[in-house]
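**Student:** Quick one: structure below, then a few questions.
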Amino acid sequence: MVRSYLEAHWVAAALCMGIALLLLLPLGVPGGDRALLLIYLASPIYMLHQVEEHLGDRFRRYVNGVVFGGVEALTPGDVLLINLPGVWGINLAALYAAYFIDPGWGLAAAYLILVNGITHVAMAAHLRAYNPGLASAALVFIPFGLYAVLHIPGTGLQHVFALVIAIGLHAAIALHARHRARAGRAVVGVAG
């Protein structure tokens, strides 16, 4: 029951939370630290992108219909798990790691935004069409992600670790969707 409620309403929560987190910004970031500010901003920026991307279940329907030819490669439950524990959880963990350990351990939030932005643009170029989330990915994610990656101090290890997390999450999503699509096609082939 809770899961179905979240599946139906998480995008509205993203809009409210994204705006609320931005409204809290004037209260400041501890120490006025630019790196912490950038890592903090990753969450509301991502949440507002998720509204463009997922309002009306647009992205899931686009991926299933256009990318996978009508096969259900992503379910509402998949989208919920990708975005709440995946994106929101990684961004929260990055903020805590940056605050309590070192700013460089928060770079995953910046790379997550940058990799997602590049993914949207690459998908649009490959399919020669708009995909839900493309506008905010191209206009906000790529510039913000580049700026954050260049201005959050970190060691080479911290950059590699963050990039592996971002690419790993996106690769896991793609592999999961392909696996579900193949399984769906196999079922249709057996039934047909």
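Letter by letter, the sequence shown follows residues 170 to 361 of this note's numbering. The C-beta atom is built at its ideal place from N, Cα and C for all residues, glycine as well.
With 16 other CB atoms within 10 Å as the buried threshold, where does Val240 fall?
**Tutor:** The residue in question, Val240, is buried, as its Cβ has 16 or more Cβ neighbours within 10 Å.
**Student:** Determine the closest residue to Tyr299 out of Leu193, Val235, Met186, with distance taken between C-alpha atoms.
**Tutor:** If we check each option's Cα against that of Tyr299, Val235 comes out closest.
**Student:** Check whether the segment 223–235 and the segment 196–208 are in contact - that is, three or more C-beta pairs closer than 8 Å.
**Tutor:** Segments in contact, no.
**Student:** Three-state secondary structure (DSSP) at Val359?
**Tutor:** For Val359, the predicted model reports a pLDDT of 47, less than 50, meaning its position is unreliable and no value from the coordinates is stated.
**Student:** For the segment 245–252 and the segment 307–315, state whether three or more C-beta atom pairs, one from each stretch, are separated by less than 8 Å.
**Tutor:** Contact between the segment 245–252 and the segment 307–315 is absent, because fewer than three Cβ pairs lie under 8 Å.
**Student:** Across the segment 253–273 and the segment 321–333, are there enough close Cβ pairs to call them in contact, namely three or more that are closer than 8 Å?
**Tutor:** Yes, the segment 253–273 touches the segment 321–333.
**Student:** Name the residue from Leu224, Leu261, Ile342, Gly197 whose alpha carbon lies nearest to the alpha carbon of Thr288.
**Tutor:** Here the closest residue by C-alpha is Ile342.
**Student:** Compare the C-alpha of Ile311 against each of Leu184, Val284, Leu264, Ala277 and name the closest.
**Tutor:** When each option's Cα is compared against that of Ile311, the closest is Val284.
**Student:** Comparing C-alpha positions only, which one of Ala189, Ala183, Gly201, Leu196 sits nearest to His218?
**Tutor:** It is Ala183.
**Student:** If you draw a straight line from the alpha carbon of Leu326 to that of Tyr280, how long is it in whole angstroms?
**Tutor:** About 14 Å.
**Student:** Does DSSP put Pro272 in a helix, in a strand, or in coil?
**Tutor:** Pro272 falls in the helix class under three-state DSSP.
**Student:** Among Ile282, His223, Ala346, which residue has its Cα nearest to the Cα of Glu176?
**Tutor:** For Glu176, the nearest C-alpha among the options comes from His223.
**Student:** Starting from Glu222, trace the alpha helix (DSSP H) in both directions and tell me its first and last residue.
**Tutor:** Unbroken alpha helix (DSSP H) run through Glu222: 203–223.
**Student:** Since Phe237 contacts Ala350 with CB under 8 Å, what's their CB separation in whole angstroms?
**Tutor:** About 4 Å separates the two Cβ atoms, so the contact holds.
**Student:** Could you please give the first and the last residue of the uninterrupted alpha helix (DSSP H) stretch that includes Phe313?
**Tutor:** That run of the alpha helix (DSSP H) goes 311–320.
**Student:** Between which two residues does the alpha helix (DSSP H) harbouring Met186 extend?
**Tutor:** Its alpha helix (DSSP H) spans residues 171–193.
**Student:** What is the rounded straight-line gap between the Cα of Arg347 and the Cα of Leu332?
**Tutor:** Those two C-alpha atoms are separated by around 22 Å.
**Student:** What does the alpha-carbon distance come out to for the pair Val220 and Trp257?
**Tutor:** Distance between the alpha carbons of Val220 and Trp257: 14 Å.
**Student:** On the CB-based measure, 16 or more other CB atoms within 10 Å of its CB, does Gly197 come out buried or exposed?
**Tutor:** Classification for Gly197: exposed.
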